[in-house]
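Peer 1: Supplied in structure tokens, the structure appears directly below.
Number of protein chains: 2
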Amino acid sequence: MNATQPTAALPDAPTNPVQALLEAPLSLRERKKLKTRQTIRREAYRLFAEQGYESTTVEQIAAAAEVSPSTFFRYFATKDDLVLTDEYDPAMIAALLARPADEPFLTSCREALIGLIRQLLQHERQELLIRMRLVTEVPALRAGLHRADHSPAALYLAILLRRAGVEEPSYDMRITAAAIGAASTEAVLCWAAGGGEQDIAELVDHAFALLESGFAGV
Amino acid sequence: MNATQPTAALPDAPTNPVQALLEAPLSLRERKKLKTRQTIRREAYRLFAEQGYESTTVEQIAAAAEVSPSTFFRYFATKDDLVLTDEYDPAMIAALLARPADEPFLTSCREALIGLIRQLLQHERQELLIRMRLVTEVPALRAGLHRADHSPAALYLAILLRRAGVEEPSYDMRITAAAIGAASTEAVLCWAAGGGEQDIAELVDHAFALLESGFAGV
DNA sequence: GACCTTTTGGGAGTTACTCTCATTTGACAG
DNA sequence: CTGTCAAATGAGAGTAACTCCCAAAAGGTC
């Protein structure tokens, strides 16, 4: 039920998720779906660049992508999702799980995040930059970023649960995930706000150093 | 311009903001406005309790409060704002500014937050609890909580700016405000999720201890 | 080519929100 | 008490993001 998000699972570790999905031996039906999804996204971003996010309607996007509005909502649950959903979560989860379980969680997060971002920059730097800038500039998107399903906090919390082998999160876990998640998000948004000119790995590293020090000196 | 939020300024330090505003010598016009605002809120919460947030329409709320929908939106910019706007920001800012400027920021935040909450619990415990529970349960509200104008992060950032005497926030400030803000929010939400049975001061204290330790042991 | 399942388009409906304009109501001076 | 001005309200039309439902089309399989 509730089949809103047709995000395909990644069967084997891909070098580039999106690319890998395109090359995989999919049925005609699935290739078409992927293509439609891409077209909608591409046309949407084109329109956003031309006339801004707010003043671009779903109807316009659907028309540009040559699908009906109904179909648009079958591919993206909300207009926000167009910008906010990514396919990086599985990779991030994998990266986190690959870290030694006795490593301080903060370190695991830092290394996983930097690793993931480094990888993304090679293939999708421009796209990531545009998306993050949209998020910083459009209040609605900034808010949407904190919805349960998109937030890094939720992802971190899931990992903490898994590490501890429990079902319900403890208070410590919730605070930890929230704080590290917020810092992670802010770091990436700062990078995008600066036009992507700064070294993002350095930014992330610095943010985590702040967290680790307990905000010493502030 | 943009006179969306008729939140009255607090002229002198009040013991209880809402009470103080009611007792203050206001003109008939302003007393009426305040009364309308209260009526809308009260009726809204009553309806939320009866039939839930999502399935309560603005039209219903307006009807229950005996105002037109137009008037509703003159008092609250969005339906979210009904739950998300509070009058505590000035008090929190004052509490933060009252702390010594050379105190570690984390300490200032902890003390200010605990102080404010202690005060609130005396007069508005029930209201706070209901509101926070709504926020935890309704995804739309949870997202709205992170809009620039409501978030503790924005408030903390403003204080950091003032302390440093600068206009533009530094990277460190942004990360710090985001992390501490997220932890503060999570602490209060955890308290509400637990039915308000735990000691909130202890919860906040514990959250800040986690932050200060750099998440040692996690 | 026949049959079944998935995907799509179209249309009607709901709701949050915006804008505009005419009416009402409180504030205040004479 | 009255006239005048500004602020607050109500009413109505309009927009856009969704939701639901049903019939048509297209892919997959034998």
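Listed in order, the protein sequences are those of chains A and B. Numbers 1 to 218, taken from full-length UniProt numbering, label the letters of the first sequence in order. Numbers 1 to 218, taken from full-length UniProt numbering, label the letters of the second sequence in order. Backbone N, C-alpha and C fix where the C-beta goes; we use that ideal spot for every residue, glycine too. These figures come from a predicted structure and were not determined experimentally.
1. Closer than 9 Å, Cβ to Cβ, to anything on chain B: give me those residues from the segment 167 to 179 of chain A, in chain order.
2. Could you pull the start and end residues of the alpha helix (DSSP H) that Arg41/A belongs to?
3. Pull up the CB-CB distance for Asp80/A and Gly144/A, whole angstroms please, since I reckon it's below 8 Å.
4. Taking all protein chains shown into account, decide if Ser184/A is buried (16 or more other Cβ within 10 angstroms of its Cβ) or exposed.
5. Ignore the nearest five residues each way along the sequence and tell me which others in Phe48/A's own chain have a CB closer than 6 Å to its CB.
6. Please classify Leu113/B as buried or exposed, where buried requires at least 16 neighbouring CB atoms within 10 angstroms.
7. Using beta carbons (cut-off 8 Å, strictly below), is Val135/A in contact with chain B?
8. Check Pro104/A in the structure and name its three-state DSSP category.
9. Output needed in chain order: residues of the segment 138 to 149 of chain A with a Cβ under 8 Å from some Cβ in chain B.
10. With 9 Å as the C-beta to C-beta threshold (strictly closer), list the residues of the segment 101 to 112 of chain A near chain B in chain order.
11. Starting from Gly181/A, find everything on chain B with Cβ-Cβ shorter than 8 Å and list it in chain order.
12. Starting from Gln198/B, trace the alpha helix (DSSP H) in both directions and tell me its first and last residue.
13. Does any residue of chain B have a CB that is nearer than 8 Å to the CB of Leu22/A?
14. Does Leu22/A come out as helix, strand or coil in the three-state DSSP assignment?
15. If we ignore side chains and look at the alpha-carbon of each, how far apart do Leu21/B and Ala64/A end up?
16. Are the C-beta of Leu116/B and some C-beta of chain A separated by less than 8 Å?
17. Give me the chain B residues within the contact set of Ala187/A, using Cβ-Cβ distance strictly less than 7 Å, ordered along the chain.
18. Determine contact between the segment 159 to 171 of chain A and the segment 117 to 127 of chain A, defined as no fewer than three beta-carbon pairs at a distance below 8 Å.
19. For a test of the three-state rule: what should DSSP assign to Glu124/B, helix, strand or coil?
20. In chain A, what lies closer than 7 Å to Ala213/B by C-beta?
21. Quick one, which of Thr71/B, Pro100/B, Ala148/B and Leu161/B has its alpha-carbon nearest Leu84/B's?
Peer 2: For this structure:
1. Tyr171, Asp172, Met173, Arg174, Ile175, Thr176, Ala177, Ala178 and Ala179
2. Leu28 to Gln51
3. 4 Å
4. buried
5. Thr56
6. buried
7. no
8. coil
9. Pro139, Arg142, Ala143, Gly144, Leu145, His146, Arg147 and Ala148
10. Pro104, Phe105 and Leu106
11. Ala182
12. No alpha helix (DSSP H) contains Gln198/B, which DSSP labels as neither H nor E.
13. Below a pLDDT of 50, predicted positions are generally treated as unreliable, and Leu22/A, at 47, falls in that range; no measurement from the model is reported.
14. Confidence at Leu22/A is low in this model, with a pLDDT of 47, below 50, so its placement is unreliable and the value that follows should be read with caution. The answer is helix: DSSP assigns Leu22/A an H, G or I state.
15. Unreliable placement is indicated for Leu21/B, whose pLDDT of 44 sits below 50; no coordinate value is reported for it.
16. no
17. Ile175
18. no
19. helix
20. The sequence given here places Ser at residue 213/B; Ala does not occur at that position. In chain order: Gly214.
21. Ala148/B
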